[in-house]
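Okay, so here's the structure we're looking at.
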Amino acid sequence: MTGIYVHLPFCPYICPYCDFAKWPHKQSAARRYMDALHREIDAAQAAGGEHTVFLGGGTPNTYSPAEIAELLARIASKFSAARPPEVTIEVNPELVSAAALAAYAAAGVTRLSIGVQSFVEAEIRTLGRRHDAGQVRDAVAAARSAGIGSVSLDLIFAVPGQTKESWRRSLERAIALQPDHVSAYGLTIEDGTPYADWRDSEPSAFPDQDLEGDLYEIAIDTLEKAGFEHYEISNFALPGHRCAHNANYWANGEYAGFGVGAASYRNGVRSTHTRDLEAYVAAASQGLKIPDQSERLEGAQRAGEAVMLALRTAQGLSFAAFKERYGLEFLEYYASIVEPYRAAGLLEVDTAGARLTRRGRFVANDICATFITLP
Ligand code: SF4
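Rendered as structure tokens:
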């Protein structure tokens with residue numbers, strides 16, 4: 033196992049576009065949940081070896097620094113003697129304090145991922161967020177003072193009302209804070225969210241595909257010009273600051289997820305815990321099996337999944353590694369898919385491997401999906 037993900041699902045408020053497993057923060061529910069999480073971690077099979085830790089959410093920093101430190105100590109005592117090389121915590125900027133960041137650093141946190149989304153006041157409000165740019169700046173400065181070695185900023189494009197100019201402004205303000213890593217995600221509208229209702233009633237409020245493509249291109253150009261490597265579809269890093277935890281996902285590596293809605297991938301089986309908070313807490317608190325959905329990925333499905341993940345990355349797919357792991361000659365097996373993409377200039381192939389071209393990255397999801405649908 034090389035990745036440990038822990039889901040902390042409480043948020044100070046709920047954003048209207050969000051489809052994650054999340055609930056409004058309530059002290060009593062958050063405490064019960066943390067106790068259940070402790071039980072789940074304690075009951076897990078111990079595993080040695082090097083691993084990364086990622087505390088995601090939700091908003092993990094709705095928990096106190098002492099609770100985060102206790103959680104990390106518990107994970108460490110279960111899974112390794114040495115400190116993990118990378119421990120990330122996602123934070124909401126308005127809940128960050130210098131004292132909390134110092135406590136995180138002392139507890140082993142090496143990487144801070146700040147949910148910024150935009151530096152443009154109107155867009156922040158449209159997204160339902162309540163922070164301001166000053167709080168982001170203070171959080172980055174406090175992280176540096178605390179000695180947290182890697183700071184990542186999350187941004188969103190294709191927000192209703194966003195223009196090329198306002199997106200450029202957000203990117204430039206992000207770069208000015210000198211982060212080590214930037215994630216730039218296109219807003220996806222998920223069914224069942226208030227944003228889906230908004231789009232249904234007022235589709236013209238949302239950027240069309242052409243504008244979304246232009247915004248993505250602006251992100252790539254602006255961040256690359258500032259020295260960031262575009263190492264995955266949505267992720268950009270300065271040298272030495274790629275996210276190792278996510279790199280393990282894209283390499284189709286194994287990981288264990290703890291908490292409500294958390295996913296795991298072990299021994300060829302992908303499983304996802306229930307998204308029912310009460311059902312999770314009830315099972316975990318009693319040391320029972322957490323209700324989940326699981327599927328064993330085999331043969332073509334497992335190989336297709338690996339291709340889909342590898343093509344998300346800048347280095348793409350290595351033919352030798354693919355053959356060694358799945359026993360398949362990539363170019364022979366996927367000839368019917370690869371050739372049209374190559375001819376259309378979306379996929380670049382050389383003797384060592386295959387990767388998306390710059391144009392291919394714009395339709396990455398469509399291209400990647402075709403590799404898992406091959407029977
Ligand atoms: S803070 Fe993040 S997890 Fe919480 S509601 Fe907003 S988008 Fe969802």
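Taking the working numbering, the leading residue of the sequence shown gets 33, the next gets one more, and so forth. Quick reminder that beta carbons are idealized off the backbone N, C-alpha and C, glycines included. Note that the coordinates shown come from a computational prediction; the quantities given were computed from them, not determined experimentally.
Check: residue i C-beta below 6 Å from any heavy atom of ligand 1
i    : result
T91  : yes
A260 : Note that residue 260 corresponds to Phe in the displayed sequence, not to Ala. Because no heavy atom of ligand 1 lies under 6 Å away, the Cβ of F260 does not count as near it: no.
K58  : no
K196 : no
F52  : yes
C47  : yes
C43  : yes
Short Cβ contact (7 Å threshold) for residue i with residue j
i    : j    : result
H273 : H213 : yes
S202 : V152 : yes
R391 : E380 : no
Y65  : G289 : no
L209 : V148 : no
S317 : R71  : yes
G300 : L349 : no
S182 : S266 : no
Y287 : G35  : yes
G88  : F42  : no
P410 : A132 : For residue 410 there is no data in the structure shown, the boundaries of the chain being 33 and 407.
G291 : L69  : yes
G319 : A61  : no
E244 : A190 : yes
P323 : A311 : yes
Near ligand 2: residue i beta-carbon under 6 Å from a heavy atom
i    : result
K257 : Among the ligands in the structure shown, ligand 2 does not appear; only ligand 1 can be found there.
Assumed close pair residue i, residue j - CB separation to whole angstroms, cut-off 8 Å
i    : j    : result
G179 : A139 : Between A139 and G179 the Cβ distance is about 12 Å, and since that is not below 8 Å, they are no contact.
V123 : I107 : Not confirmed; about 18 Å, so no contact.
H39  : G293 : 6 Å
V168 : P125 : 5 Å
P235 : L127 : Between L127 and P235 the Cβ distance is about 34 Å, and since that is not below 8 Å, they are no contact.
Close beta carbons around residue i, own chain, < 6 Å, minus the five adjacent residues each side
i    : result
A338 : N284
S145 : T120, E122 and S184
P92  : L40, I121 and E122
A258 : I207
H163 : P125 and E126
R298 : E286
Residue-chain proximity (residue i, chain D), Cβ-Cβ < 7 Å
i    : result
I180 : Reference to chain D is not applicable here, since this structure consists of a single protein chain.
Close Cβ partners of residue i (< 8 Å) along its chain, the five nearest in sequence each way excluded
i    : result
A228 : I221 and E222
D382 : none
A346 : E261, H262, Y263, E264 and R387
Same chain, Cβ closer than 7 Å to residue i, neighbours up to 5 away in sequence not counted
i    : result
T225 : P48, Y49, C50 and D51
R231 : I221 and F238
D67  : S317
At least 3 beta-carbon pairs within less than 8 Å: the stretch 271 to 285 vs the stretch 240 to 253: Judged by Cβ distances under 8 Å, the stretch 271 to 285 makes no contact with the stretch 240 to 253, as fewer than three pairs qualify.
Touching by the beta-carbon criterion (3+ pairs, under 8 Å), the stretch 349 to 368 and the stretch 295 to 311: At 8 Å Cβ cutoff, the stretches do not touch.
The stretch 216 to 225 touching the stretch 166 to 179, judged by at least three CB pairs closer than 8 Å: The count of Cβ pairs closer than 8 Å, one atom from the stretch 216 to 225 and one from the stretch 166 to 179, stays below three, leaving the stretches out of contact.
Three or more C-beta pairs below 8 Å linking the stretch 359 to 375 and the stretch 392 to 404: Short answer: they touch.
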